[in-house]
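In the order they appear, the protein sequences are chains A and B. Every position in the first sequence, counted from 1, becomes a number in my numbering once 6 is added. Every position in the second sequence, counted from 1, becomes a number in my numbering once 351 is added. All C-beta atoms, glycine included, are put in the ideal place defined by N, C-alpha and C. Fair warning: this is a prediction, and the values are worked out from it, not measured in the lab. First the structure, in the form of structure tokens, and then the observations on it.
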Amino acid sequence: VTLRWGDYISGQDGTSRSVEALWKAAAGDGHVTYVLGEGFDPRTLVGLRRLVASGCATDLHLLSIKLTTRAGDELTERLASENRDGLEQIAKAPGVRRSRIEVPKVEEPSSAGLKLGRELFSAGYFEATSLIVVDVSALPSSIHFPVIGAILKQADVGSLRAEFQVVACHNAELDEAIIESGLGPPSYVGGFGYTGAETTQASKVTRVWAPVVGKGQGAALQMLYDYLEPDEVCPVLPFPARWPRRSDDLILEHRQLLMDRIEVEPRNLIYADETNSFDLYRTLSRLQHQYSEALKVLRPATVIVSSHASKLLSLGVLLAAYEHSLPVVSAGATGYSLADGVNLQAISNNDRLACLWLAGTPYISAPAQ
Amino acid sequence: MFLRTFGPGSIDLLPPAVWDRLLVLRSAPGAGKTSLMRLFSAESLALIHEREDLRDLAERMRLFGALSDSGPAWLGILLNLSRNYRGLADVVSVSESAVQLFFRLLDARIMAATLQAALVASGLEFPRDVARIQFRVEPDSAEAQQAMERIGGASGETILRWARTIESETVAMLDSLLPVSLQSDERGHAQLYALRLLSHSEIRVDNTPLTQRPLVMLDDGHNLARSQRDALLVDLGDRSLHLARWYSERYDALTSDEILTSLGKKGRDYELVELENVARGTMPDGERQRFRPGQFERVLTDIGNRRAATALKRHADLDEEFAELIVADDEEALSPERDGPVLDVLRKRLLAARESRYTHWIDDAIEGSGYSAAVRMREVEILIARDRDRSQRELFEIELTDSEARERSNAAIREAARLLLSDEFGLPFYYGHDTVAKLGSHNVEQYLVVCGDLFAEMMARVTMDEIPRLSPFRQDRIIRRASDLLWRQVPRLVTHGRDVAALILGIVEIARLEAGKPTVPYPPGVTGTALLMDERELLMQPAFRQRNDGADRLYVALAEAIAHNLISAEPGRSVKNQSFMVLYLNRLLCPRFGLALGRGSYRERRLNVMAGWLTKPLPAEAAPDIHIEQALPL
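The structure is reproduced here in structure tokens:
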């Protein structure tokens with residue numbers, strides 16, 4: 007299988023290629039547009055502060071997407087306020103301007119990101135920039151999936167002249183400490199593949215569900231399983247991971263659903279490097295290829311993906327879904343908060359910044375000699 | 352499989368008049384709305400009519416009017432409203448256009464589903480034989496004629512082609528990563544033309560009219576945008592329509608205000624069925640009760656037996672029913688090795704309380720052996736505590752007789768004694784098929800979750816070549832785990848989950864306070880609270896909520912908890928000239944906190960007290976206090 011990001015460019019803390027090196031290589035004349043979520047997530051400003059410190063962005067345009075914080079939760083309100091103050095401080099620096107963007111009010115939660123992605127382009131935010139960076143550290147996947155999808159689509163249709171990178175402050179412990187509250191109705195995330203057509207014979211498509219399993223996500227997994235009624239389930243588990251037993255813990259936590267109810271075959275378990283989005287991207291791409299090849303004489307097959315775990319793994323899901331038009335499903339949370347008694351200081355020591363260069367110079371084929 | 356495991360008793364959840372008006376089914380998740388609708392789909396009706404092994408179900412369906420001797424009387428057209436519709440409300444900014452786009456897509460899908468149902472009913476294949484279908488409109492119906500023109504014509508082939516075009520155009524519009532512009536020919540439908548066509552036309556297959564009349568069933572309406580849902584209900588309620596139409600939704604579809612005010616009220620322009628209320632026997636004024644106490648639990652037990660039957664036969668070669676395998680002898684609750692120590696403690700306590708007035712009671716109680724003796728001793732302890740608690744003592748305290756003990760005791764006190772034994776000595780309390788059915792809390796899915804856990808243990812025993820009967824200890828342990836799991840899921844499962852958890856803990860606190868009293872004033876135990884109806888009215892006022900700390904959070908948490916069946920509400924209960932809204936805990940939450948399963952005992956609280964529960968930090972409810980440990984049977 008020839009993959010779009012078969013030869014990929016990425017950088018990460020603790021590896022030989024730093025995130026700053028990628029920014030330097032892509033920033034060109036220093037016109038950088040940086041998209042980030044403005045909420046309570048303690049990782050909100052990690053990437054931005056590093057970018058400012060790197061000196062790569064001489065003309066920095068911040069697009070901060072305002073996320074709502076649940077009223078009455080003192081801890082999350084305090085963190086959100088600290089992030090807001092920090093962002094204002096950065097925006098006051100010379101050469102920095104800021105636009106605050108509201109998440110569009112929508113009826114269907116999964117439409118918000120799609121609508122936002124369209125609006126970012128209609129408003130011309132990316133017109134005079136050399137580098138677009140989307141920082142997904144504080145953005146829920148329901149927002150960053152379609153926004154990144156929209157930017158990639160513009161690149162594909164030739165309307166994007168900038169380099170495009172995605173950064174994520176990876177911290178699996180923090181991901182686990184963020185509690186999702188309430189489940190929205192299960193739905194397909196707009197902008198990706200779709201198998202819900204009812205007037206055709208959609209039911210005759212073999213559905214292989216590959217959920218990236220995360221801690222405390224039992225209710226969401228169960229809801230999506232009931233919604234999809236898949237023919238096969240291939241749960242994705244993080245391994246290698248910073249905490250080597252994380253995948254075992256996840257199997258133990260979800261054994262009732264995965265082993266007792268769904269009766270997942272052990273050979274169907276997929277292991278993906280927790281710190282490398284492209285590893286999962288390649289695995290899911292292969293999975294889609296293998297299933298469609300193996301079953302094509304009988305009926306079409308599609309891998310349906312959903313992400314319930316860390317940022318980097320969810321980016322792997324996004325890349326595979328975008329390239330192969332895989333349907334993405336989610337039962338998005340209706341609110342987020344931090345678990346009580348979390349030691350943020352200690353947890354933040356595990357922050358690792360990663361940068362994925364997704365479109366632009368590295369992927370332009372050299373002219374034939 | 353679905354039909355073989357369907358409990359025919361569930362059909363009684365439906366009222367008799369369902370064919371000539373709009374029927375609205377409403378419930379929390381898992382109450383069985385979808386299963387009920389699926390039962391009436393064309394495919395199911397055809398199978399029920401044909402299959403010999405579904406005779407009991409066929410008989411019930413015949414009585415209900417869904418089947419006639421010659422076959423299905425209705426053409427069940429089932430559609431789920433969860434796919435794509437809500438997103439349409441975000442494609443265009445004008446709400447009216449968004450509703451019109453929604454109607455257009457729904458029309459397309461109703462027509463495609465009608466074609467599919469008609470072919471199933473005729474024993475033909477969809478979409479291969481779709482050209483064999485024709486619609487013949489009543490000659491004097493201009494409305495139906497217009498409807499037919501809007502939905503692609505009279506032949507099955509053109510209608511399906513039209514429906515597919517509409518669906519693919521709509522999905523492309525919804526999924527576009529690039530900005531969308533609406534074409535003028537993508538205008539929507541002002542009303543559901545499919546319903547008008549089906550009302551005034553004849554469906555013909557190979558030129559022969561279908562005898563079945565259309566029954567359009569729209570499931571999961573809570574997934575629609577509010578504007579879509581309201582417009583749909585108005586359209587479905589149109590009295591000029593001549594077709595049966597059913598619509599279902601969860602309480603999520605309603606606002607908090609609507610949940611708190613509409614509970615148990617009769618629908619005005621339609622037949623409203625709130626499934627849990629029907630199952631509980633709580634009916635709107637003037638309506639006949641369809642389920643007597645305990646009747647729905649029997650329906651649940653029947654469903655559990657049907658679900659397990661095939662696997663029990665195949666894997667264990669057993670003809671016994673699932674419910675029989677969880678029937679337990681109470682005496683098993685106190686194993687011979689623990690019998691001595693437990694009874695010794697109880698005897699010592701009773702003898703320490705000995706005084707002439709209770710000599711007869713105590714001497715009689717300490718005689719026995721086994722679990723029944725333990726229950727008897729704990730029961731006498733309660734009776735003694737109650738007697739000592741009398742406000743007026745007699746001048747001469749005479750010895751009380753056996754018959755006085757019998758008069759002063761009852762089944763609820765004995766149940767309380769069993770619960771106290773469970774708490775004090777770690778004896779099992781939650782076991783037996785009646786208990787398991789009660790734990791369903793009038794929700795089929797919840798009942799099946801508990802049964803599934805018990806069944807998995809049975810299958811494990813079969814694998815180890817043991818009889819799959821479960822002891823009270825194992826049942827109790829499995830049930831407490833299921834309860835703990837539900838409790839742990841609350842913050843993630845429900846919006847404002849922390850506040851809902853705080854509300855539940857507030858009720859638990861009342862229950863524990865009462866359970867800790869030696870006299871057990873409300874046997875077998877309190878599992879609910881109550882709010883004055885006047886205070887409920889206050890809670891509904893935004894200005895009041897703004898002024899009072901925690902009131903707004905209580906208002907939202909209450910509606911969420913009711914919508915998800917974590918708390919059930921019975922408004923308008925009269926006590927001592929006052930009217931209350933009684934709030935009971937979902938029964939599956941009770942084992943987690945060691946509470947009784949009865950519904951009846953509650954202690955009222957004022958609105959400010961309840962609101963205060965939500966402003967306090969959530970207490971750390973750690974691991975469940977299960978102290979019943981038993982070695983794995985390996």
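- Does any C-beta atom of chain A lie closer than 8 angstroms to the C-beta of Gln-563(B)? Chain A, which has no Cβ nearer than 8 angstroms to the Cβ of Gln-563(B), makes this no.
- Query: Per the contact definition of three or more C-beta pairs closer than 8 angstroms, is the stretch 686-704 of chain B in contact with the stretch 838-845 of chain B?
  - Reply: Flag = no, the stretch 838-845 of chain B and the stretch 686-704 of chain B do not touch.
- Message: On the DSSP letters alone, give me the boundaries of the beta strand (DSSP E) that Val-218(A) sits inside.
- Response: It spans 212-218 - the beta strand (DSSP E) in which Val-218(A) sits, taken as one unbroken run.
- Apply the 10 Å Cβ neighbour rule to Ile-399(B) and answer buried if 16 or more other Cβ atoms are within range, or exposed otherwise. A buried status is given to Ile-399(B), since no fewer than 16 other beta-carbon atoms sit within 10 Å of its beta-carbon.
- Item | Whole runs of the alpha helix (DSSP H) within the stretch 231-307 of chain A, excluding any shorter than 4 residues | Inside the stretch 231-307 of chain A, DSSP marks whole alpha helix (DSSP H) runs of 4 or more residues at positions 252-259 and 283-301, from first to last along the chain.
- Item | Within chain A, the residues that Asp-441(B) reaches when beta carbons sit closer than 7 angstroms | Those within 7 angstroms of Asp-441(B) in chain A are Val-112, Glu-113, Glu-114, Ser-117 and Lys-121.
- Item | Three-way DSSP call (helix, strand, coil) for Met-932(B) in this model | Three-state DSSP puts Met-932(B) in a strand.
- Item | Cα-Cα separation between Ser-361(B) and Gly-383(B), rounded to whole angstroms | Approximately 9 angstroms between the Cα atoms of the pair.
- Message: So Arg-434(B) and Gly-539(B) are supposed to be a Cβ contact under 8 angstroms. How far apart are they, rounded?
- Response: Taking C-beta atoms under 8 angstroms as the contact rule, Arg-434(B) and Gly-539(B) fail to qualify, at a distance of about 17 angstroms.
- Query: Where does His-330(A) land, buried or exposed, given buried means 16+ other C-beta within 10 angstroms?
  - Reply: Around the C-beta of His-330(A), 16 or more other C-beta atoms lie within 10 Å, and the residue is accordingly described as buried.
- Task: List the residues of chain A whose Cβ lies closer than 7 angstroms to the Cβ of Asp-526(B), in chain order.
- Result: Those within 7 angstroms of Asp-526(B) in chain A are Gly-196, Gly-197 and Tyr-200.
- Query: Does the count of Cβ pairs from the stretch 934-946 of chain B and the stretch 850-868 of chain B closer than 8 angstroms reach three?
  - Reply: Yes, since at least three Cβ pairs between the stretch 934-946 of chain B and the stretch 850-868 of chain B fall closer than 8 angstroms, the two stretches touch.
- Query: By the criterion of Cβ-Cβ separation under 8 angstroms, what are the contact partners of Ser-433(B) in chain D?
  - Reply: Absent from the structure is chain D; the protein chains it does hold are A and B.
- Can a CB atom of chain A be found closer than 8 angstroms to the CB of Arg-845(B)? It should be pointed out that residue 845(B) corresponds to Val in this sequence rather than to Arg. So yes, Val-845(B) belongs to the interface.
- Using only alpha-carbon positions, find the residue among Ser-22(A), Val-7(A) and Val-214(A) that is nearest to Ile-268(A). Taking only the C-alpha atoms, the option nearest Ile-268(A) is Val-214(A).
- Query: Based on Cα-Cα distance, which residue from Lys-121(A), Leu-264(A) and Pro-241(A) lies nearest to Ser-524(B)?
  - Reply: The sequence given here places Met at residue 524(B); Ser does not occur at that position. The shortest C-alpha separation from Met-524(B) is found at Lys-121(A).
- Identity of the residues DSSP links to Gln-18(A) by a beta bridge: Looking at the DSSP output, Gln-18(A) bridges to Ala-360(A).
- Message: Please list, in chain order, the chain A residues whose beta carbon lies closer than 8 angstroms to that of Leu-529(B).
- Response: The contacting residues are Arg-124, Phe-127, Ala-156, Lys-159, Gln-160 and Val-163.
- In the structure shown, what three-state DSSP assignment does Trp-11(A) receive? In this structure, Trp-11(A) counts as coil in the three-state DSSP scheme.
- For the stretch 175-200 of chain A, list the beta strand (DSSP E) runs that are entirely contained and at least 3 residues long, ordered along the chain. Runs found: 184-189.
- Quick one: grab the DSSP three-state call for His-551(B). In the structure shown, His-551(B) falls within a coil segment according to DSSP collapsed to helix, strand and coil.
- Query: Shorter than 8 angstroms from the beta carbon of Pro-359(B) to some beta carbon of chain A?
  - Reply: No, because no Cβ of chain A sits closer than 8 angstroms to the Cβ of Pro-359(B).
- How would you write the range of the alpha helix (DSSP H) that Val-801(B) sits in, first residue to last? Val-801(B) -> alpha helix (DSSP H) spans 795-814.
- For a contact meaning CB atoms closer than 7 angstroms, what does Asn-574(B) contact in chain A? What Asn-574(B) touches in chain A: Pro-191.
- Measuring only between beta-carbons, confirm whether Asp-255(A) sits less than 8 angstroms from chain B. Not an interface residue.
- Return helix, strand or coil for Gln-640(B), following the three-state DSSP convention. Here Gln-640(B) sits in coil by DSSP.
- Who are the Cβ neighbours of Tyr-233(A) in its own chain at under 8 angstroms, not counting the five residues just before and after it? Only Pro-192, Val-335 and Ala-337 meet the Cβ criterion.
- Query: Taking just the CA atoms, how far does Glu-671(B) sit from Met-809(B)?
  - Reply: Going from the Cα of Met-809(B) to the Cα of Glu-671(B) covers about 12 angstroms.
- Burial state of Pro-984(B), where buried means 16 or more other Cβ atoms lie within 10 Å: Interpretation of Pro-984(B) is limited by its pLDDT of 36, a score under 50 that renders its predicted location unreliable; the figure taken from the coordinates is listed afterwards. By the Cβ neighbour-count rule, Pro-984(B) is exposed, with fewer than 16 other Cβ atoms within 10 Å of its own.
- Nearest to Ser-60(A) (by Cα), restricted to the options Leu-51(A), His-37(A) and Lys-30(A): Nearest to Ser-60(A) by alpha-carbon distance, out of Leu-51(A), His-37(A) and Lys-30(A), is Lys-30(A).
- Message: Residues of chain A with CB closer than 9 angstroms to the CB of Pro-644(B), please, in chain order.
- Response: None at all; the shortest Cβ gap to chain A is about 31 angstroms.
- Item | Local Cβ density within 10 Å of Asn-177(A), reported as buried at 16 or more and exposed below that | Classification of Asn-177(A): buried, given that the 10 Å Cβ count is 16 or more.
- Message: Counting only C-beta atoms, is Gln-826(B) closer than 8 angstroms to chain A at any point?
- Response: Closer than 8 angstroms: no.
- Starting from Asp-557(B), follow the beta strand (DSSP E) in both directions and report where the run begins and ends. The continuous stretches of beta strand (DSSP E) do not include Asp-557(B), and DSSP gives it neither H nor E.
- Message: Does any residue of chain A have a CB that is nearer than 8 angstroms to the CB of Gly-427(B)?
- Response: No, Gly-427(B) does not count as interfacial toward chain A.
- Item | Segments of 4+ residues assigned as alpha helix (DSSP H) that fall wholly inside the stretch 505-531 of chain B | 507-526, all fully within the stretch 505-531 of chain B.
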